[in-house]
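Q: Dropping the structure in here first, questions after.
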Amino acid sequence: MIEIIKSENAERRRSKLAAIKGRNIALDAELMNTVTGIIDDVRRRGDDALIEYTARFDGVVLKRDELRVNEETLHASANRVDRKVLTALREAIKRIRAFHECERSQSWEMESSRGVRLGQRITPIERAGLYVPGGTASYPSSVMMNVVPAQVAGVERLVVVTPPKTLAETPAVAAALLELNVTEIYAVGGAQAVAALAYGTETVPRVDKITGPGNKYVAAAKKLVFGAVGIDSLAGPSEIVVLADETARSDFVAADLLAQAEHGEDASALLVTTGAELAEKVAAEVRRQVSGLPRRAIIARSLADYGAIIVVENVEQACELINALAPEHLEIMMRNADTAAARVRHAGAIFFGAHSPEAVGDYFAGPNHVLPTGTAARYSSALGVNDFVRRTSIIRYSSEELNETAPMIAALAHAEGLDAHARSALIRLEREEESSGRAGLID
2 MIEIIKSENA ERRRSKLAAI KGRNIALDAE LMNTVTGIID DVRRRGDDAL IEYTARFDGV
62 VLKRDELRVN EETLHASANR VDRKVLTALR EAIKRIRAFH ECERSQSWEM ESSRGVRLGQ
122 RITPIERAGL YVPGGTASYP SSVMMNVVPA QVAGVERLVV VTPPKTLAET PAVAAALLEL
182 NVTEIYAVGG AQAVAALAYG TETVPRVDKI TGPGNKYVAA AKKLVFGAVG IDSLAGPSEI
242 VVLADETARS DFVAADLLAQ AEHGEDASAL LVTTGAELAE KVAAEVRRQV SGLPRRAIIA
302 RSLADYGAII VVENVEQACE LINALAPEHL EIMMRNADTA AARVRHAGAI FFGAHSPEAV
362 GDYFAGPNHV LPTGTAARYS SALGVNDFVR RTSIIRYSSE ELNETAPMIA ALAHAEGLDA
422 HARSALIRLE REEESSGRAG LID
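Residue numbering for the sequence shown follows the working numbering, starting at 2 and increasing by one per position.
In structure tokens, the structure reads:
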């Protein structure tokens with residue numbers, strides 16, 4: 002079910018890690034050409050293209066006035082949600098909002114010498130678009146994790162696009178949107194929805210930034226429209242590394258590996274451990290627990306292709322491996338967990354201890370679950386409030402400071418061959434000197 006790679010088998014360890022790193026979304030030329038055609042068509046034909054693609058790909062024929070989901074439809078779907086789910090949604094939203102409130106940045110100014118004032122003005126983007134996938138990947142948790150930071154940032158207008166069957170098939174998504182007071186929703190999915198958000202149509206407004214997960218067509222579309230709009234990331238398959246020693250409970254570790262593997266056949270779940278005995282116990286627990294899970298076929302393929310229990314000689318070797326993978330999720334269940342974590346430079350989120358399973362972060366703890374995948378944790382971070390704001394630099398120079406620094410500014414400009422830049426600083430110095438000279442003559 003899940004392979005154990007012993008510490009002496011370095012070659013097998015390398016090949017497994019290479020397979021994991023190589024599983025990211027392949028945006029091949031054929032895919033990109035197909036999506037480019039869809040985007041161009043939406044830009045050219047607007048709503049008519051959206052209606053045509055929705056009929057072709059989703060099997061739903063919409064009229065132009067049906068592209069926007071009416072609130073009656075939204076409420077009808079939300080009313081079907083289980084009361085326990087609704088209670089959990091409300092509590093999760095409260096916790097997620099409380100965490101993201103702590104991320105808020107404030108505008109600031111500092112006063113330098115000779116009356117110079119410098120600073121940053123923090124302002125929210127005006128419009129954000131959220132893609133909500135349909136089918137088995139339609140998660141209310143993703144709605145919360147994308148909407149809440151945008152609201153905390155102060156985004157004025159939130160626009161949601163989702164395939165036309167999503168709300169009927171997933172009442173919890175409709176309930177999450179209503180609980181968040183998001184009602185501008187368009188029944189469009191796929192690359193065509195991304196194009197509509199990026200460029201606008203007669204019905205769908207153009208936004209400033211697009212966030213949210215999707216399939217390879219959505220990812221390709223986000224890549225292609227980047228520049229016309231901002232995007233959050235190009236998310237790949239989900240992944241977890243559990244770092245554990247002999248003090249960890251094998252049933253807990255196995256449960257967390259299985260939870261990750263059920264995301265899909267391309268999900269990755271690794272245990273990295275210094276304990277050979279724990280490795281055997283976890284492998285046995287995986288075999289025992291998987292038999293009762295509905296997605297056991299998906300889990301089996303995921304663990305066979307991209308899962309493993311890797312035994313290492315020491316914590317230093319384990320952390321070296323983790324830094325090379327830069328995993329989306331890292332769980333640490335061992336003695337001296339903080340010491341081990343200090344050696345980890347690259348991870349999207351770190352979960353400490355036996356009572357912090359990744360599922361806590363997925364749904365409830367508060368930190369965002371939209372995390373970098375596929376080694377992107379080496380250079381990027383979780384989605385948050387700062388993804389929905391702009392930082393504008395503020396510069397207020399005084400005549401005294403410019404008089405002092407203009408010659409140095411001009412020297413740098415001349416060094417770059419930009420004489421007009423130099424002149425724009427020096428002309429003010431010259432005029433200041435002329436004014437001073439005239440004032441002296443009058444005196």
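By construction, the Cβ of each residue, glycine as well, lies at the ideal position given by its N, Cα and C atoms. Small disclaimer: the values here were computed from a predicted structure and weren't measured.
Can you tell me whether T212 is helix, strand or coil according to DSSP?
A: Strand at T212.
Q: Identify which residue in K17, E278, V291, L259 has its Cα closest to the Cα of A245.
A: Comparing Cα positions, the closest option is E278.
Q: Please report how far the alpha carbon of S303 lies from the alpha carbon of V316, in whole angstroms.
A: Approximately 26 Å, taken between the alpha carbons.
Q: Short of 7 Å in beta carbon distance, which residues of its chain neighbour E433, apart from the five on each side in sequence? Order them along the chain.
A: Taken in chain order, the residues that qualify are S400, N404.
Q: Along the chain, where does the beta strand (DSSP E) containing G308 start, and where does it finish?
A: From DSSP, the beta strand (DSSP E) with G308 extends over 308-312.
Q: Can you list, in chain order, the residues of its chain with a C-beta nearer than 6 Å to that of E286? Leave out the 5 residues immediately preceding and following it.
A: Cβ within range, chain order: S251, D252, A255.
Q: Do P165 and V61 have their CB atoms nearer than 8 Å?
A: The answer is yes: Cβ separation under 8 Å.
Q: Mind checking G136: buried by the 16 CB within 10 Å criterion, or exposed?
A: It counts as exposed.
Q: Answer yes or no: does any C-beta atom of chain D fall closer than 8 Å to that of I300?
A: Protein chains in the displayed structure number just one, and chain D is not present.
Q: Between which two residues does the beta strand (DSSP E) harbouring Y398 extend?
A: Segment: none, Y398 is in no beta strand (DSSP E) and carries neither H nor E.
Q: Return helix, strand or coil for G191, following the three-state DSSP convention.
A: In the structure shown, G191 sits in a helix (DSSP, three-state: H, G or I).
Q: If you run the structure through DSSP and keep just helix, strand and coil, what is R126?
A: Note that residue 126 is Ile in the sequence shown, not Arg. Correct three-state label for I126: coil.
Q: Taking the alpha carbon of A377 as the point to measure from, which residue in A260, A325, E112, A280 has its own alpha carbon closest?
A: Considering only alpha carbons, the answer is A325.
Q: I believe T374 touches G237 by the beta-carbon criterion, under 8 Å. Please report the beta-carbon distance rounded to the nearest angstrom.
A: Rounded, the Cβ-Cβ distance is 4 Å, consistent with contact.
Q: In three-state DSSP terms, what is R432?
A: Three-state DSSP puts R432 in a helix.
Q: Tell me whether D66 is buried or exposed, calling it buried when 16 or more other Cβ atoms sit within 10 Å of its Cβ.
A: Exposed: under 16 other Cβ atoms inside 10 Å.
Q: Throw me the rounded Cβ distance for the V144 and L198 pair, which I believe falls under 8 Å.
A: Not confirmed; about 16 Å, so no contact.
Q: Since V82 is in the alpha helix (DSSP H), which residue starts that stretch and which ends it?
A: V82 -> no alpha helix (DSSP H), and no H or E assigned at all.
Q: My output table needs one value for T137: the three-state DSSP class, helix, strand or coil.
A: Looking at T137 - three-state DSSP - the assignment turns out to be helix.
Q: Are the beta-carbon atoms of A270 and I299 separated by less than 8 Å?
A: Result no, Cβ atoms of A270 and I299 do not sit closer than 8 Å.
Q: For L28, I'd like the list of residues in its chain whose CB is within less than 6 Å of its CB, leaving aside the five on either flank, ordered along the chain.
A: Taken in chain order, the residues that qualify are A221.
Q: With 16 as the cutoff for other CB atoms within 10 Å, does I6 come out buried or exposed?
A: Result: buried.
Q: Helix or strand or just coil, what does DSSP make of M111?
A: M111: strand per DSSP, three-state reduction.
Q: I'd like the list of long-range same chain contacts for E263, defined as Cβ closer than 8 Å, with 5 residues on each side in sequence excluded.
A: The answer, listed in chain order, is L294, R296, I299, I300, S303.
Q: Note the first and the last residue of the continuous beta strand (DSSP E) segment covering S1.
A: No answer is possible for residue 1: it lies beyond the span of the chain, which begins at 2 and ends at 444.
Q: Using beta-carbon positions only, say whether T353 and E359 come within less than 8 Å of one another.
A: Residue 353 is actually Phe in this sequence, not Thr. Their beta carbons are not under 8 Å apart, which means F353 does not touch E359 by this criterion.
Q: Are at least three pairs of beta-carbons, each pair with one atom in the segment 35-47 and one in the segment 207-222, less than 8 Å apart?
A: Touching, per the Cβ criterion.
Q: In chain order, what are the residue ranges of uninterrupted beta strand (DSSP E) at least 3 long that sit wholly in the segment 209-267?
A: Within the segment 209-267, the complete beta strand (DSSP E) runs of at least 3 residues are 210-212, 240-245.
Q: Going by DSSP, what residue range makes up the alpha helix (DSSP H) through L326?
A: Counting along the chain, the alpha helix (DSSP H) containing L326 begins and ends at 316-326.
Q: Around the Cβ of E4, are there at least 16 other Cβ atoms within 10 angstroms (buried) or fewer (exposed)?
A: The residue is exposed, with fewer than 16 neighbouring Cβ atoms inside 10 Å.
Q: Is I443 buried or exposed, if buried means 16 or more other CB atoms sit within 10 Å of its CB?
A: Caution applies to I443, whose pLDDT of 49 falls short of 50 and renders its modelled position unreliable; the model cannot decide the point.
Q: Are the CB atoms of A188 and E79 within a distance shorter than 8 Å?
A: The sequence as given places Ala at residue 79; Glu does not occur at that position. No, the Cβ-Cβ distance between A79 and A188 is not below 8 Å.
Q: S381 to F227, Cα distance in whole Å?
A: If you take the alpha carbons of S381 and F227, they lie about 17 Å apart.
Q: Quick one: any contact between the segment 102-120 and the segment 390-399, if contact means 3 or more CB pairs under 8 Å?
A: As far as the Cβ criterion goes, the segment 102-120 touches the segment 390-399, which means the pair count is three or higher.
Q: Could you pull the DSSP bridge partners for G120 from this structure?
A: G120 is bridged to E110, I395.
Q: May I ask which residues mark the beginning and end of the beta strand (DSSP E) holding A350?
A: Start and end: 350-353.
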